[in-house]
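Numbering-wise (my numbering), the sequence shown opens with residue -5 and increments by one.
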Amino acid sequence: MLMAPLTAAGGEVAAPGGPIEAKYEKPGPMRVAKLMTRGPCDRRGNACEIFYPADLGPEGTPHPVITWANGTDKTPSPAGKYDFMLTHLASWGFVVVATRDGTTGVGDTVLDAATYLLAQGRDPASPFYRRLDAARVGAAGHSQGASGAANAMLHSRGAIRTAVMLHLPQQAFCKPADNCLLTRDLEGARAGSVFYVSGTSDFIISPDDQLGGAKLNSLNAYYRHTPDRLPKVKALVRGGNHNDVTGRPGCPPGMGACGQGAQAYLGYPTAWLMWRLQGAADARGAFVAGGELFRAPRWTRAVGNIR
């Protein structure tokens, strides 16, 4: 079976396939600022990076929050590793907090970072005072951080409303086991929503098809074991590899398992968060049955339960 081309002439990533992806792939309308916390933001003593609209508006202008989970790295994780992706999200009105923890899989430090940021929203001395919406919090993460984002949502008692998981590792890679998303936790989920994203070239760490064993060793297995009471979608970037999301937008020098960079990962993950946390009705249209994502030429194997 022939597949749509992965790249345009000259090695550039293929253009988005529809108006929703095209809209949310572009930077949002807000100029972005960034700061590093002076003290720790989590239980392990890590600082946090915060990406936010430079003009937060007057007090009482609430912005939704995203807590980001890094992939596996040394601790503290290098500053700026995911700047391109997180700046993009902040340009759409989100305040994004990212712990510099390099082992985020359990999700505890990811939850800590969200708790820290929301506390800033209650502190009159903080620039975020009365400018954060504690009722609209999401989580997102890459690789081990995809597990961390999911675990943060599942352990938040409903405080985190959605999780975007980019290249979630199969359980066979998880030592200890709870550094991944545990089957019992996923199957017992009562609240939240999930968007699973991987790439067709990531067939070892985050494969779509089960390579073996009884564990959840594929994105398909994670999707099937996600309760239908949760809104859920799964899709793969054609040609996407494990570390493409670290692109700026192209792959950083020397970065392995990075083929085409981050550009293809901007549109639909942003649209998902805009729908789930900002109520963007147009964004929802990408994810309903037969919606734009399911026809997008640079995406494949999309499934979902949204009607």
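Note that CB positions come from ideal geometry on N, CA and C, so glycine has one too.
Range covered by the alpha helix (DSSP H) that runs through residue i
i: ALA269; result: According to the sequence provided, residue 269 is Trp. The question's Ala does not apply to it. Note, TRP269: alpha helix (DSSP H), 261 to 272.
i: ASP127; result: Unbroken run through ASP127 is the beta strand (DSSP E), 126 to 136; no alpha helix (DSSP H).
i: LYS17; result: 13 to 19
i: VAL104; result: 102 to 114
i: HIS219; result: 213 to 219
i: ARG278; result: 275 to 278
First through last residue of the beta strand (DSSP E) which encompasses residue i
i: LEU175; result: Counting along the chain, LEU175 falls outside any beta strand (DSSP E), and DSSP gives it neither H nor E.
i: THR156; result: 156 to 160
Rounded straight-line distance, which links the Cα of residue j to that of residue i
i: ALA166; j: PRO263; result: 26 Å
i: GLY250; j: ALA296; result: 26 Å
i: LEU111; j: ARG25; result: 20 Å
i: ALA48; j: ALA27; result: 5 Å
i: ASN145; j: ASP102; result: 8 Å
i: ALA153; j: ASP127; result: 11 Å
i: ARG184; j: GLY132; result: 16 Å
i: GLY39; j: ALA283; result: 44 Å
i: HIS82; j: THR240; result: 13 Å
i: GLN164; j: THR97; result: 16 Å
i: ALA113; j: ARG124; result: 10 Å
i: ASP172; j: GLN272; result: 31 Å
i: PRO70; j: THR93; result: 9 Å
i: PRO247; j: GLU19; result: 23 Å
i: LEU210; j: ARG292; result: 26 Å
i: PHE197; j: LEU162; result: 12 Å
i: ASN64; j: GLY135; result: 6 Å
i: ASN237; j: THR220; result: 25 Å
i: ARG37; j: GLY142; result: 15 Å
i: ASP179; j: LEU148; result: 7 Å
i: THR66; j: PRO72; result: 11 Å
i: ARG242; j: CYS42; result: 20 Å
Burial state of residue i (16 or more Cβ within 10 Å)
i: PRO10; result: buried
i: LEU0; result: Note on LEU0: pLDDT 31, under 50, position unreliable in the model; no value is reported.
i: MET268; result: buried
i: MET30; result: exposed
i: ALA129; result: exposed
i: PRO121; result: exposed
i: PRO23; result: exposed
i: ILE199; result: buried
i: LYS228; result: buried
i: LYS75; result: buried
i: ARG155; result: buried
i: ALA157; result: buried
i: LYS226; result: buried
i: ARG32; result: exposed
i: GLU181; result: exposed
i: ALA290; result: buried
i: PRO13; result: exposed
Bridge-paired residues (DSSP) for residue i
i: LYS228; result: TYR190, VAL297
Residue i at chain D interface by Cβ criterion, 7 Å
i: ALA129; result: The structure shown has no chain D; it contains just one protein chain.
message: I'd like the ranges of any beta strand (DSSP E) spanning at least 3 consecutive residues and lying wholly in the region 24 to 95.
response: 26 to 30, 42 to 47, 57 to 63, 89 to 93
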